[in-house]
Amino acid sequence: MAVTIQKIADHSGVSRGTVDRVINQRGKVAPEVEQRVLEVAEKLGYVRKPRKKRCNFTIGMITQLSDTSFMHEIEKGIERAKVELEHRNVTLLVKESPGICEEEQLRFIDELEAKGIQALAIMPVDSEQIRNRINQLIEERGIPVITFNSDILGTKRLSFVGLDNKQSGIAAAGLMGTFLRGKGKVLIINGYFTNRSNSLRIDGFIEEMRSSFPDIHLLGVQSSQDKAAIVEEIILQTLQNHPDLDGIFLASAGQRGVSSAMQKSGQTRRPFTIAYDITPRNVECLKQGDFDFLIDQENERQGYLAAMLLYQMLSDKEVPEEYVYTNIQLKTKHTV
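The sequence shown begins at 24 in my numbering and counts up one residue at a time.
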C-alpha cells in the first residue's frame, strides 16, 4: 500500500498541510518539525511522485565573505539545495567571493548571465552599481532576483531571505542595557560599512540604546573588515583608553578577536559581550565564557531557502513573500 501524506502526518503528529510543505519544500516549517517529518517519511518508505512536467532550470547564487565561519554554515544550506535540485533537473551555479568587492560581484553577475541563468540569489554589496545591475537583470532580462543574508534598497528584487537584522540589534540592546542596569560604556564593532546587514543591526542597537538606556555611553562604531586581528586591535586600544569598558556589541564576524583581546589585556573583568552566529568556534568561545550571548540567524536555512524559493517560483509560479525572515534566537552557554 502506498504511503500517503495523511499517514506521514499521523505518525509525525502534525497536520497534512505541514507535511505537504515539508515534502514539497514550501518553507514556513520549524527546522526540528521538518526533520521529524522527513525521518518519518523515510522510515515509512514514502516515495514522492515525480512532477508530470520536468523543466531544466539554471539558478545562479552569489555569496561574499566565503572564508568566514558563518558563511560555511550558509554554504551547507546551499549545498543541500544543490543536491536536491539536481534530482529535479535544476543546475545551481555558485560564485563565492572571500571579501566584499563591488567589481567582483559585477563580474560574477555578468558571468552567470552569460551562462543563461533564469533566476539569481545574491548577497549584494550595497552600492549604486550593484543596485543598477540588479534592476537591469529584472527589467531588461526578466530574471527574478532574491537577496539573502544581506539586502539592498532601491531594487525590484523579489524577496529577502534572512534575519530581521534591525530587530536583532534592538534585542541585543535590550539585553545589554538591562544587564548593565542602564549605565556604562559600550563599544560597537562593525564589519564593513557597505554590508547592509551589519548596518541594520547597529542602527537597531543604537536606536534602542538611545531610546531606552540614555545614560549608557556609546563609544562609537569601528570597522573590523570581519577580521579577528582587527577586532582584537580595536578592543585592546579601547581598553587602553577606557579600562572601565562595560560592554561590547560585535555585529559582524571576527569573533575570535574578542577572546584573544581579553587574554592579552590581562584584565580579570570582562565586558558583557554579545556577538552573532552559532558556529563551532563561536560555541566553544561561548562555553568558555568569552561571550555572554550569541545571536543565531539560522545561516544554513538562509542558503537553502534562497535557492528553493527561486526554484518554486520558476516551477510553480509561487511568488514568495517580500520578507522571509529566519528566527532570532538568543543563545547562552547553557542553551547551545
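C-beta: ideal position from N, C-alpha, C; glycine also.
This one's a predicted model, so the numbers in the text were calculated from it and none came from an experiment.
- request: Could you round the C-beta distance between Leu-182 and Pro-54 to whole angstroms and report it? I think they count as a contact, below 8 Å.
  value: Reading off the sequence, residue 182 comes out as Ser, not Leu. Actually they do not touch by this definition, with Cβ atoms about 20 Å apart.
message: What does the alpha-carbon distance come out to for the pair Pro-294 and Leu-268?
response: 6 Å
Segment contact, 8 Å Cβ cut-off, at least three pairs: the stretch 254-268 with the stretch 226-235: no
field: Assigned secondary structure, Gly-68 (DSSP; H/G/I helix, E/B strand, else coil)
entry: Assigned with DSSP and collapsed to three states, Gly-68 falls in coil, not helix or strand.
Euclidean distance between Cα positions of Val-184 and Pro-266: 40 Å
Of the listed residues Ile-140, Val-37, Thr-41, Lys-118, nearest to Arg-130 (C-alpha basis): Lys-118
- request: Tell me whether Leu-337 sits in a helix, a strand or coil according to DSSP, three-state version.
  value: helix
- prompt: Do Pro-147 and Ile-157 have their CB atoms nearer than 8 Å?
  reply: yes
Rounded C-alpha distance that separates Thr-91 from Ala-276: 7 Å
task: Can you check the stretch 204-258 for any alpha helix (DSSP H) of at least 4 residues that lies completely inside it and give the ranges in chain order?
output: 219-235
message: Please report the straight-line C-alpha distance between Leu-337 and Ile-82, rounded to a whole angstrom.
response: 10 Å
query: Considering only residues of the stretch 109-192, which uninterrupted alpha helix (DSSP H) runs meet the minimum length of 4 residues and lie entirely inside it, listed in chain order?
result: 125-137, 151-164
message: For the alpha helix (DSSP H) containing Ile-28, name the first residue and the last one.
response: 28-35
query: What is the rounded straight-line gap between the Cα of Asp-33 and the Cα of Val-56?
result: 13 Å
query: Going along the chain, which residues of its own chain have a beta-carbon closer than 7 Å to the beta-carbon of Lys-51, five neighbours each way excluded?
result: Arg-44
Beta-bridge pairing of Lys-354 - partner residues as DSSP gives them: Leu-317
message: Going by the DSSP bridge assignment, what does Val-347 pair with across the sheet?
response: Val-184
field: Under the three-state DSSP convention, the category Gly-270 falls into
entry: strand
- request: Apply the 10 Å Cβ neighbour rule to Asp-174 and answer buried if 16 or more other Cβ atoms are within range, or exposed otherwise.
  value: buried
- request: Pair every Cβ in the stretch 273-290 with every Cβ in the stretch 239-252, then say whether three or more of these pairs are closer than 8 Å.
  value: yes
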